[in-house]
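Peer 1: Add 2 to a position in the sequence shown, counting from 1, and you land on the number used in our numbering. The beta carbon of each residue, even a glycine, is placed where N, CA and C say it ideally should be. One structure, pasted below without further comment.
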Amino acid sequence: MAAAWFNRLADARKARGISAGTAPGTRVHPEVVEAMREVGVDLAGASTTRLTADVAGQAQILVTMGCGDECPYVPGVRIEDWPLEDPREKPVERVREIRDEIRDRVQSLLEREGWRGP
3 MAAAWFNRLA DARKARGISA GTAPGTRVHP EVVEAMREVG VDLAGASTTR LTADVAGQAQ
63 ILVTMGCGDE CPYVPGVRIE DWPLEDPREK PVERVREIRD EIRDRVQSLL EREGWRGP
């Protein structure tokens with residue numbers, strides 16, 4: 003959800019987000035697909051990516067969501083941890099709340115970095 007919000011709200015000439023996880027599933031969870039579809043973002047065909055040091059090394063900022071010691075350390079990459087609840091298998095009402103919290107955090111990050119889109 004964070005990468006989808008990031009890419010929707012960021013100025014694509016300045017920044018883009020990629021989604022990766024330390025233990026990614028084979029697909030985006032259905033409750034996440036449903037909640038994001040409600041705001042016009044279709045994640046049904048989105049792929050999953052494993053978070054490796056090579057993937058993290060492409061970033062200026064690595065936003066983590068509670069992966070702790072499993073997160074790769076990459077010198078020179080700033081890490082920002084957002085301790086968010088995993089939406090997997092949560093009722094869609096709770097997934098909506100998590101979705102909106104992620105959107106708010108992404109908006110704050112984009113504003114702070116000067117990457118907000120038009």
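Round the Cβ separation of M67 and L86 to the nearest angstrom and send it over; I've been treating them as touching at under 8 Å.
Peer 2: Between L86 and M67 the Cβ distance is about 5 Å, and since that is below 8 Å, they are a contact.
Peer 1: Evaluate E72 with the Cβ neighbour count: other Cβ atoms within 10 Å of its Cβ, from every protein chain shown; 16 or more gives buried, anything less gives exposed.
Peer 2: Per the 10 Å Cβ criterion, exposed.
Peer 1: Excluding five sequence neighbours on each side, which residues of the same chain lie with their C-beta closer than 7 Å to the C-beta of L112?
Peer 2: If we look at L112 and ignore the five residues flanking it on each side, its Cβ neighbours are L11, A12 and R118.
Peer 1: With a threshold of 8 Å on Cβ separation, who are the neighbours of A14 within its own chain once the five nearest residues in sequence on each side are excluded?
Peer 2: Closer than 8 Å at the Cβ level, and outside the excluded window around A14, lie G119.
Peer 1: Taking C-beta to C-beta, are R98 and A48 nearer than 8 Å?
Peer 2: Not closer than 8 Å, so no.
Peer 1: Under the DSSP definition of a beta bridge, which residues are partnered with E82?
Peer 2: BP columns for E82 point to V65.
Peer 1: What separation, rounded to the nearest whole angstrom, lies between the Cα atoms of G96 and N9?
Peer 2: The question names Gly, but residue 96 is Arg in the sequence shown. Whole-angstrom Cα-Cα distance: 23 Å.
Peer 1: Do P89 and E40 count as a contact pair if the criterion is CB distance below 8 Å?
Peer 2: No. Outside cutoff.
Peer 1: Return the first residue and the last residue of the alpha helix (DSSP H) that V97 is part of.
Peer 2: V94 to E115 is the extent of the alpha helix (DSSP H) around V97.
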